[in-house]
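Protein chains: 2
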Amino acid sequence: MLNIRIEKTKDPKVLPGKDNPLKFGTIFTDHMFIMNYETGKGWYDPRVIPYQPLNLEPSAMVFHYGQEMFEGLKAYKTDDGRTLLFRPDKNIERANRTNRRICIPEIPEEDFLQAIKTVVKVDEAWIPTKEGTSLYIRPFIIATDPYLGVRPSDRYLFIIILSPVGAYYPEGLNPVKIWIEDEYVRAVKGGIGEAKTGANYVASMKSQVKAHDEGYSQVLWLDGVHRKYIEEVGAMNIFFKINGTVLTPELNGSILPGVTRDSVLALCREWGLPTEERKISIDEIKAAHENGTLEEVWGTGTAAVISPVGQLRWENHIMQVQDGGIGPISQKLYDTITGIQLGRLEDIHNWTVEV
Amino acid sequence: MLNIRIEKTKDPKVLPGKDNPLKFGTIFTDHMFIMNYETGKGWYDPRVIPYQPLNLEPSAMVFHYGQEMFEGLKAYKTDDGRTLLFRPDKNIERANRTNRRICIPEIPEEDFLQAIKTVVKVDEAWIPTKEGTSLYIRPFIIATDPYLGVRPSDRYLFIIILSPVGAYYPEGLNPVKIWIEDEYVRAVKGGIGEAKTGANYVASMKSQVKAHDEGYSQVLWLDGVHRKYIEEVGAMNIFFKINGTVLTPELNGSILPGVTRDSVLALCREWGLPTEERKISIDEIKAAHENGTLEEVWGTGTAAVISPVGQLRWENHIMQVQDGGIGPISQKLYDTITGIQLGRLEDIHNWTVEV
Ligand SMILES: Cc1ncc(COP(=O)(O)O)c(C=O)c1O
Ligand SMILES: Cc1ncc(COP(=O)(O)O)c(C=O)c1O
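Residue numbers (numbering that gives the first Met the number 0), protein chains in the order written: chain A, 0 to 354; chain B, 0 to 354.
Put into structure tokens, the structure is as follows:
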């Protein structure tokens, strides 16, 4: 149990108005959670303080050697005014898995959850209520040792910032076009692809820019060894429905184990849909498209929850899915998960946690 | 030509004493160079200011998505009091190659060199003069947009900090023991292994810790696809002398093109040694060790210049090299390169640049 000191801002910002589109990740609330770490001392001085800049030495290791982890989850306001988190235990578990992989000290799970709840509570008034909106929660840890050698840092900051975000698709669910990357590689077995750390995102930028320039909104990665097995999208896991079966790449060490991915698998199984987590080659997808059995494709991630995929492009092959529209399973998954998140559907899995 | 504003510190630190061991990367000089970038505006406001902390928003992209690059080079004081940089053009060229790979705007080469020279000049008194010491120069760029979406930043800081460093091996050249990693992977073809960016270093930490615990000072990486071709050491390129021929892995996109590597190849060729840049498998090294033709192994890098390797360990095979001592080519390379860096040997390649 942390003893969290709370220092409220004396200069609160004006809350964004009801019609503010709340562009993802641009507006931040009045407060942040912060806690220090030092070898020998452990995590110490947990506090909620006014949202403010960080003061770091130019030699701080995070600027040079990328020792940083982050997480992303959301808080939702229910119709009856409660605040719900969606499966925070999964994010916390994953955070510590990332920490272990990149030599950052772990944070006890109950302390992590307490920190999230405390700062969300302080800025509860910031949780937007319009359809499709939520409060995005960004916990992250950075290495702060003022030292230019390559080794794990002896000092860290654990920080949680909050950002009210609008509906990912303001006009409702909207199919995306996806570029399948055949030149660049995001991550490889034995590497850090399954960790949520900046390294995997900087590695994706060049390809992302190329895809954008070609009119595609996201990149789908192939594996780094054979360059033919499907991995994941920039910030989503990927699902295919082929001939009645729901397929998604297995957790192979180089993709992120998504919380939404896990929820989607659970729901599909409950609904009696056959599901398979396994290696899926791009050739299999192409063949399914050609013989008309590629029924649906969707991405899963905290930001958009479900992103129906209307088109896939691999080299010169353009594969249209569901005539570029939204498939019935994608829609049902979106409605069910957001229904649970907003407390409108019964939460039989105990996925939501009240703040 | 940059118009660099210079603001001198009013509170200079005490220079480290002659007997200070100057542990690598722990002491910083009185000043730093800094310059901003903004899309549409370009690089602006170049300045030398007192060494000071950076003030960054917690949402600054560098903390989340690892968009950061760095370089490392050295300035040396000659016996007659001149200040020499060693091949700064190579570092600057590599910096811009890194920038292109990770979507950071480039810096004109002449501006980059002017920035280095200017800040080194201001803190010239900090260049140590004792045998084996130098001034380590660390240029780096970080993404500062206060934005939580994954895309190249629109704002950056380019910073140069300086650190007086002691002899890497205080008692003279000293052979190191190297652990050949067979579980983790640092980088892969198609990825960002050839860029000098934090991602590659955070990816190495877990393996580095394991090697240290086993009594090895550095890790030698194998390729991520076949897991059998030699790549490079944590912060050095690697050379083998087998049966009279000097071998080093080719620049394959997943290893850093080292400046010292390039200098070593040039010198070996001048000396009439056969050299080969090509794929080298771990089996080839093991076979050479077994049949007695593995004559020398050394690492090359700015920090240590030449690091003779006395022992390699791959799985259960412990390979002793030069009876654990220093080979004649390693010694000659070290003497020649440091001789040129210190202005004691004729610089027929025009490798040094006077400040
Ligand atoms: C690389 C990557 N894959 C997948 C996901 C989806 O994970 P989750 O469902 O936990 O948001 C994300 C986003 O968090 C991601 O960044
Ligand atoms: C990964 C890596 N390889 C090789 C090197 C050696 O390069 P250089 O000789 O330019 O210092 C370094 C250090 O700079 C490095 O970090």
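We put the CB at the ideal spot given by N, CA and C, even for glycine.
- Listed in chain order, the positions of the segment 119-150 of chain B with a beta carbon within less than 9 Å of a beta carbon of chain A are Tyr135, Arg137, Phe139, Ile141, Ala142, Pro145, Tyr146, Leu147, Gly148, Val149, Arg150.
- The alpha-carbon separation between B:Gly65 and B:Leu112 amounts to approximately 25 Å.
- Residue contact with chain A for B:Met204: present (Cβ-Cβ distance below 7 Å to some residue of chain A).
- Residue state for B:Trp178 is assigned as strand, using DSSP reduced to three classes.
- Only buried fits A:Lys205, as 16 or more other CB atoms lie within 10 angstroms of its CB.
- Sequence-distant Cβ neighbours of A:Arg277 in its own chain, meaning closer than 6 Å and more than five residues away, are Glu249.
- DSSP places B:Ser253 outside both helix and strand once states are collapsed to three, so it counts as coil.
- Per DSSP, the continuous alpha helix (DSSP H) segment holding B:Arg99 begins and ends at 87-100.
- Against chain A, the CB of B:Gly214 has no partner CB under 7 Å away; the residue lies outside that interface.
- Shown here for B:Asp222: same chain residues with a beta carbon closer than 6 Å to its own, the five before and five after excluded, namely Tyr228, Glu230 in chain order.
- The secondary-structure analysis by DSSP pairs B:Val263 with nothing; it has no beta-bridge partner.
- The contact set of A:Met31 on chain B, defined by CB atoms closer than 8 Å, consists of Pro57 in chain order.
- At a C-beta separation below 7 Å, B:Arg86 has no neighbours in chain A, since its nearest C-beta there lies roughly 20 Å away.
- Where B:Asn35 is concerned, the enclosing beta strand (DSSP E) starts and stops at 30-37.
- C-alpha of B:Tyr168 to C-alpha of B:Lys22: approximately 11 Å in a straight line.
- If one requires a minimum length of 4 residues, the alpha helix (DSSP H) runs lying completely within the segment 259-306 of chain A are 281-289, in chain order.
- Of all C-beta pairs linking the segment 64-81 of chain A to the segment 118-138 of chain A, three or more are shorter than 8 Å, placing the two stretches in contact.
- Looking at the DSSP output, A:Gly41 bridges to A:Glu37.
- A distance criterion of 6 Å places the beta-carbon of A:Met235 in contact range of ligand 1, judged by its closest non-hydrogen atom.
- Of all residues in the segment 46-78 of chain B, the ones placed with a Cβ closer than 7 Å to any Cβ belonging to chain A are Pro52, Leu53, Asn54, Leu55, Glu56, Pro57, Ser58, Val61, Phe62, His63, Tyr64, Gly65, Gln66, Glu67, Phe69, in chain order.
- In the three-state scheme derived from DSSP, where H, G and I count as helix and E and B as strand, B:Val308 is classed as strand.
- Under the three-pair Cβ rule at 8 Å, the segment 16-36 of chain A does not count as touching the segment 11-29 of chain B.
- Between B:Tyr43 and B:His30, the CB-CB gap reaches or exceeds 7 Å.
- Distances from the CB of B:Leu250 to the heavy atoms of ligand 2 are all 6 Å or more.
- Against A:Tyr200, the close residues of chain B are Tyr64, Gly65, Val149, in the order they occur along the chain (beta-carbon pairs closer than 7 Å).
- Proximity of the beta carbon of A:Leu255 to ligand 1 is indicated: a heavy atom of the ligand is located closer than 6 Å.
- The beta-bridge partner set that DSSP reports for B:Leu332 is empty.
- Only exposed fits B:Gln319, as fewer than 16 other CB atoms lie within 10 angstroms of its CB.
- A distance of 7 Å or more separates the beta carbons of B:Val201 and B:Ile141.
- Taking 6 Å as the cut-off, one finds no heavy atom of ligand 1 near enough to the beta carbon of B:Val263.
- Residue side-chain check: A:Gly338 keeps its Cβ at 6 Å or more from all non-hydrogen atoms of ligand 2.
- Look at B:Phe111: its C-beta is not under 7 Å from any C-beta on chain A.
- A distance below 8 Å between beta-carbons, with the five flanking residues on each side excluded, links A:Thr292 to the following residues of its chain, in chain order: Ile241, Asn242.
- From the listed residues A:Thr337, A:Thr143, A:Lys7, A:Pro11, the smallest Cα separation to A:Pro57 is found for A:Thr143.
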